[in-house]
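Asks:
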Amino acid sequence: MSLRGLYTLMKNKLLSTMRRADISPKGLFDPYYVPSTLLHRERELDTIGGIYADSYSDDYGINCLVHGISGVGNTAFSRYFLTKVVPESFDAYTVYVDAKNKDTLEIVSEMSDKIHRQTNTPVTFAFDLDVLWLQLKRTASASPRKGVFVIDNIDESNEEIYSKVARLSKEIKASTIGVLNSHDYRLLTKGNASHMAYDTELPLDTYTQSQLYDIVRMRVEDTFPHGLTDEIVRYVTDICVEFDASKPKTSVEALKALWPMASKGQEIDSDTVRAATAHISTFAHDEDYMDTIDTISMNDFMTLLVLEALTEHLMRYKTETYIDRQTLSEIVQVKCEEQGVRYAEEDIEKSLQTLIFQSIVFESGYSRNLLYVLVPPEILYDSAMTLRRELARRK
0 MSLRGLYTLM KNKLLSTMRR ADISPKGLFD PYYVPSTLLH RERELDTIGG IYADSYSDDY
60 GINCLVHGIS GVGNTAFSRY FLTKVVPESF DAYTVYVDAK NKDTLEIVSE MSDKIHRQTN
120 TPVTFAFDLD VLWLQLKRTA SASPRKGVFV IDNIDESNEE IYSKVARLSK EIKASTIGVL
180 NSHDYRLLTK GNASHMAYDT ELPLDTYTQS QLYDIVRMRV EDTFPHGLTD EIVRYVTDIC
240 VEFDASKPKT SVEALKALWP MASKGQEIDS DTVRAATAHI STFAHDEDYM DTIDTISMND
300 FMTLLVLEAL TEHLMRYKTE TYIDRQTLSE IVQVKCEEQG VRYAEEDIEK SLQTLIFQSI
360 VFESGYSRNL LYVLVPPEIL YDSAMTLRRE LARRK
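Numbering (numbering that gives the first Met the number 0), first residue to last: 0 to 394.
#1: Distance, Cα to Cα, Leu254 vs Ile231?
#2: Taking the beta carbon of Phe28 as the centre, do at least 16 other beta carbons fall within 10 Å, making it buried, or is it exposed?
#3: With 7 Å set as the bound, which would you pick, yes or no: does the beta-carbon of Thr82 sit closer than that to a beta-carbon of chain B?
#4: Residues in the same chain with beta-carbon distance under 7 Å from Asn368, minus the five sequence neighbours each way, listed in chain order, please.
#5: So, is Asp58 buried or exposed, given that buried needs 16 or more other C-beta atoms within 10 angstroms?
#6: With H, G and I counted as helix, E and B as strand and the rest as coil, what does DSSP make of Glu319?
#7: Take Met301 and list the residues in its own chain whose beta-carbon comes closer than 6 Å to its own, dropping the five residues that flank it on each side.
#8: Excluding the 5 residues flanking Thr318 on each side, which residues of the same chain have their C-beta closer than 6 Å to its C-beta?
#9: Count the other CB atoms, across all protein chains shown, that sit within 10 Å of the CB of Phe126; report buried if there are 16 or more and exposed otherwise.
#10: Are there 16 or more other CB atoms within 10 angstroms of the CB of Asp151, so buried, or fewer, so exposed?
#11: Tell me where the alpha helix (DSSP H) around Gly48 begins and ends.
#12: Roughly how many angstroms lie between the CA atoms of Ser174 and Leu379, to the nearest whole one?
#13: Give the C-beta separation of Ile104 and Tyr95 to the nearest angstrom, bearing in mind that I take them to be a contact with Cβ-Cβ under 8 Å.
#14: Buried or exposed for His476, going by 16 or more other Cβ atoms inside 10 Å?
#15: Tell me where the beta strand (DSSP E) around Ala91 begins and ends.
#16: If contacts are defined as beta-carbon pairs under 8 Å, then Gly458 and Lys172 qualify, I think. What distance do you get, rounded to the angstrom?
#17: Rounded to whole angstroms, what is the Cα-Cα separation between Ile114 and Lys83?
#18: For Thr271, name the three-state secondary structure that DSSP assigns.
#19: Work out the CA separation of Val331 and Thr188 for me, nearest whole Å.
#20: Val122 by DSSP, collapsed to three states: which one?
#21: Three-state secondary structure (DSSP) at His312?
#22: Per DSSP, what are the beta-bridge partners of Val130 in this structure?
#23: So, for Met384: in the same chain, excluding its five sequence neighbours on each side, which residues have a beta-carbon less than 7 Å away from its beta-carbon?
#24: What residues in its chain sit with their C-beta under 6 Å from that of Ile160, if we drop five residues either side in the sequence?
#25: Can you give me the start and stop residues for the beta strand (DSSP E) that Pro259 sits inside?
#26: Helix, strand or coil for Gly339, going by three-state DSSP, please let me know.
#27: For Leu38, which residues from the same chain have a beta carbon less than 8 Å from its beta carbon, with the 5 sequence-adjacent residues on both sides left out?
#28: Report the three-state DSSP secondary structure of Lys145 (helix, strand or coil).
#29: What is the residue span of the alpha helix (DSSP H) that Ile400 lies within?
#30: Where does the unbroken alpha helix (DSSP H) through Leu351 begin, and where does it stop?
#31: Let me know the beta strand (DSSP E) ranges lying completely inside the segment 184 to 209, each 3 residues or longer, listed in chain order.
#32: Whose CA, out of Ser358, Glu200, Glu87 and Thr118, lies closest to the CA of Ile50?
#33: Give me whichever residues DSSP pairs with Glu220 in a beta bridge.
#34: Please list the terminal residues of the continuous beta strand (DSSP E) segment that includes Ile231.
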């Protein structure tokens, strides 16, 4: 390759990297980020797509409530349907409004403005709720194209306006999607005084651990210029699932914390991941937690030896977030020979079960063979070694 050709290649790679770095944070810091593919929601997308296809072809409006626990992707699902599915499937204009922390006037004003923009009609500014609502209704009714309206973050403070839009959709043969978390769904739809005008509902379940791993992996590939190893992605996912269910939001919060270092090319090791996920595993740093080690190990030399071996390995190999049972067994065997202690596989497993039951050591959700800790291994190692020596002196 010529010098000029090499220069061009390097320049293109640099520009590509710069463009990637420029857009990368959106996947982490934009609350309305929509992935190119919505993983593991095919069933739900097929369901809601079929419902709206029927309403569109048979010329009637339909109102659907999408709900799930907070952080499971309710907003991402509704926005994906609105921005990806609807434009490809229906000749309809779309309006999305996030109602969180907004009063009725703000919601109606935003909807009115977006409907005018989508239908290319002149906007008449008004600051009166009744006037704004009449403008919204008149513009939506006059449009030759049907509308699909999404109102996100419905709760007690804005339930009335959603119901009003839902009733309007019946008149003008448009469709709506109301998005809310499971708590508000139960509160607003099961009460005796509920007047929510919806036709059907679509609950969003939490993801399985393997599904969440796929989502975290895709988010990393979309946003991190230097990537993360599979082991780090698995470690992030393990911790998020263990302490906060299979919710993409929790994993994204962890990735946000890792972003500044990863974007500079710094190595991401187990210590970094533990720090990034500390907000969901704070109990692991409580003094009572360390007292648990003292209690369960008071007369259990082998448990202390196992914990010492496990944490010593994780201290030595920072990029290894896990230790497998075979490696642990081999390290313990060497330590037993050094200490003149009888070595038995069943004793190691018994000690491990004690540590796992007390949430000092954790098994990976991907394989019981992989073990990890949340407390910095240095702390556990020092505690285990100090207590083991104290126990040896007593005997």
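From the three backbone atoms N, C-alpha and C, an ideal C-beta is built for every residue, glycine too.
Replies: Let me lay it out:
#1: 11 Å
#2: exposed
#3: Absence of chain B from the displayed structure is noted, only one protein chain being present.
#4: Asp323 and Arg324
#5: exposed
#6: coil
#7: Asp346 and Ser350
#8: Asp268
#9: exposed
#10: buried
#11: Glu41 to Ser56
#12: 57 Å
#13: According to the sequence shown, residue 104 is Leu rather than Ile. With 8 Å as the limit, Leu104 and Tyr95 do not qualify as a contact, their Cβ atoms being about 18 Å apart.
#14: Residue 476 cannot be examined here, being either before or after the span of the chain that is shown, 0 to 394.
#15: Ala91 to Asp97
#16: The requested residue 458 does not occur in the structure, where the chain is confined to residues 0 to 394.
#17: 19 Å
#18: helix
#19: 57 Å
#20: coil
#21: helix
#22: In DSSP, Val130 forms no bridge with anything.
#23: Glu307
#24: Thr103 and Ile106
#25: Per DSSP, Pro259 belongs to no beta strand (DSSP E); it is in the alpha helix (DSSP H), Pro247 to Ser262.
#26: coil
#27: Gln210, Asp213, Ile214 and Met217
#28: strand
#29: The structure shown does not extend to residue 400, since the chain is modelled only from 0 to 394, so the question has no answer here.
#30: Glu344 to Phe356
#31: 199 to 202
#32: Glu200
#33: Note: Glu220 sits in no beta bridge, so no partner.
#34: Taken as a continuous stretch (DSSP letters only), Ile231 belongs to no beta strand (DSSP E), being part of the alpha helix (DSSP H) at Asp229 to Asp243.
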